[in-house]
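Quick notes on the structure that follows.
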Amino acid sequence: MLIQIQHLDLVQDLQRESKQLQRRFTQSFINNRYLIFLIPIILLIFLFILGVSIGSTSIPFSSIISSFSDALFKTDYVPADIQTIVMNIRVPRVMLAGLVGASLSLAGVAFQGILKNPLADPFTLGVSSGASVGAVVVLFFQISLPFVTYFTLPVVSILFGFGTLILLLLFVRKLDPSLNVETIILGGIIISSFCSALLSLFITFSNNELRTVIGWLMGNIGGRGIQYSLSLLPFLIISFLILFSQNRQLDAMTFGSTNAKHIGIDVKKSTYLILLTGSILSGAAVAVSGTIGFVGLVVPHFTRTLVGPLHKKLLPLSMINGAIFLIGSDILSRVVLAPRELPIGVITSLIGAPIFALILLSLKRNRGKV
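First residue of the sequence shown? That's 13 in our numbering, and the numbers climb one at a time after it.
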């Protein structure tokens, strides 16, 4: 009996020591600023190459490198059809997936930080739905804005997305001045339902060509040329720089607006700037890819488990992880039912919806303990 007790104590000591070692390893990994970014960057490069390689025609790594060489130096190392597949179809597609994933993830970080709401993202707040309506309005009425002709679609999508967000916050504040998490999500569902009704109305009055476009607006990155990535890129770069410059403000807002005011932060100015920037990211992403749900919800939560809540690390790493998540989802959409292809929004929803439910249950459980 004594031997059994001693053995049990030894096992418990070993388990305790193992947990401490795991904790130390995890902490050292988190504190290593180079490693925490290096591994995701390597994974991103790997998935980029894999995304270019996989498809109805499998392309080896050597042919991908040769295609890039041909494009840069006109060397003619690979056949013209392989060059066309790589540079005109696969690379623009994977690049767009990465940029859209990065944009939606950054928007999720911005909305969650400023609203102090772990369930906030462009999809759950209805911002993506509002931006989709803006995009369809441009296509339906063939609108072209002066001075920004090339950027008419993303600009109008951004304006509609921001307008939707302001409308949501005004509506929710009337219902619940404390801006409770569940009330905001309920408001987002109402806004999304209304926007879906508007989209259905446009479908009723549209021709077959616009119906195809509306199908694209439900979430698709296939068949997009490089110009789509180029139109999104400036919005992503500018928005990231704005949000990164506001990382201290986002950290302070996490502890409430009163505390933020005490350390000299202009809460009203920062709130509107961050909300506008999140809407810019959401609207620009929707304009080129349609509504892709849950990216801005899943990625920031996962990234927080790696680097903690400080936005100085959270913002850039969420951007990288968002690109990884959506490129990975795009690869899955091509291989799950190959040779048929699933919409990328189906993959992100299958992953994101259960996580959304788990977060909601966790919040309810934690509130019950208080």
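Backbone N, C-alpha and C define an ideal beta-carbon position, used for all residues, glycine too.
> Counting Cβ pairs, one atom from each stretch, are 3 or more of them under 8 Å apart for the segment 321 to 334 and the segment 131 to 147?
Replying inline: no
> If you compare alpha carbons, which of Glu-194, Leu-118 and Leu-177 is closest to Lys-376?
Replying inline: Glu-194
> Assuming Ile-71 and Ile-101 make a contact with CB atoms under 8 Å, what is their CB distance in whole Å?
Replying inline: So it is not a contact: roughly 10 Å between Cβ atoms.
> Excluding five sequence neighbours on each side, which residues of the same chain lie with their C-beta closer than 8 Å to the C-beta of Pro-351?
Replying inline: Ser-68
> Is the beta carbon of Ala-122 sitting closer than 8 Å to the one on Thr-289?
Replying inline: yes
> Given Leu-372, which residues of its chain have a CB within under 7 Å of its CB, disregarding the five upstream and five downstream residues?
Replying inline: Leu-131
> Among Phe-152, Thr-303 and Val-139, which residue has its Cα nearest to the Cα of Phe-214?
Replying inline: Phe-152
> How should Leu-165 be labelled, buried or exposed, when 16 other C-beta atoms within 10 angstroms of its C-beta is the threshold for buried?
Replying inline: buried
> Rounded to a whole number of angstroms, what is the C-alpha to C-alpha distance between Tyr-284 and Ser-79?
Replying inline: 45 Å
> Which two residues bound the contiguous alpha helix (DSSP H) that contains Lys-324?
Replying inline: 323 to 347
> Are the beta-carbon atoms of Leu-108 and Ser-301 separated by less than 8 Å?
Replying inline: yes
> Rounded to the nearest angstrom, how far is the Cβ of Ile-359 from that of Leu-344, given a contact under 8 Å?
Replying inline: 5 Å
> When the Cα atoms are used, what is the spatial distance from Leu-354 to Ile-275?
Replying inline: 49 Å
>> Under DSSP, the alpha helix (DSSP H) around Ser-81 begins and ends at which residues?
In response: 73 to 85
> Which whole-angstrom value describes the C-beta separation of Ala-296 and Ile-277, a residue pair presumed to lie in contact below a C-beta threshold of 8 Å?
Replying inline: So it is not a contact: roughly 27 Å between Cβ atoms.
> In terms of alpha-carbon separation, which member of Ile-77, Gly-199 and Ile-336 lies closest to Pro-312?
Replying inline: Ile-336
> Are Leu-248 and Ser-115 close, meaning C-beta to C-beta below 8 Å?
Replying inline: yes
>> Using a 10 Å radius around the Cβ and a threshold of 16 neighbouring Cβ atoms, would you call Ser-212 buried or exposed?
In response: exposed
>> I need the DSSP call for Leu-375, collapsed to helix, strand or coil.
In response: helix
> Leu-255 and Leu-118: beta carbons closer than 8 Å?
Replying inline: yes
> Between the C-alpha atoms of Ile-54 and Phe-306, what's the straight-line distance to the nearest angstrom?
Replying inline: 24 Å
> Between Ile-196 and Val-184, is the Cβ-Cβ spacing less than 8 Å?
Replying inline: yes
> What is the DSSP secondary structure of Pro-134, reduced to helix, strand or coil?
Replying inline: coil
>> Please give me, in chain order, every unbroken run of the alpha helix (DSSP H) with length at least 4 that falls completely inside the segment 153 to 199.
In response: 164 to 187
> Would you call Ser-155 buried or exposed, if buried means 16 or more other Cβ atoms sit within 10 Å of its Cβ?
Replying inline: This sequence places Ile at residue 155; Ser is not what is there. Exposed is the call here.
> Where Ile-332 and Phe-49 are concerned, what is the direct C-alpha to C-alpha distance, given to the nearest angstrom?
Replying inline: 8 Å
> So, is Gln-239 buried or exposed, given that buried needs 16 or more other C-beta atoms within 10 angstroms?
Replying inline: exposed
> Taking the alpha-carbon positions, what's the Phe-174 to Phe-73 distance?
Replying inline: 42 Å
> How many angstroms separate the CA atom of Gly-268 from the CA atom of Pro-134?
Replying inline: 22 Å
>> Let's test the definition: count the other Cβ atoms within 10 Å of the Cβ of Leu-327 and tell me whether it reaches 16, buried, or not, exposed.
In response: buried
> Whose C-beta lies closer than 6 Å to the C-beta of Gln-261 among residues of the same chain, with five residues either side of it excluded?
Replying inline: Ile-277 and Ser-282
> When DSSP labels each residue in this structure, what does Ala-299 get in the three-state scheme?
Replying inline: helix
> By a C-beta neighbour count over all protein chains shown, 10 Å radius and 16 as the cutoff for buried, is Ile-233 buried or exposed?
Replying inline: buried
>> Am I right that Ile-126 and Ile-286 are in contact with their C-beta atoms under 8 Å? What's the rounded C-beta distance?
In response: 5 Å
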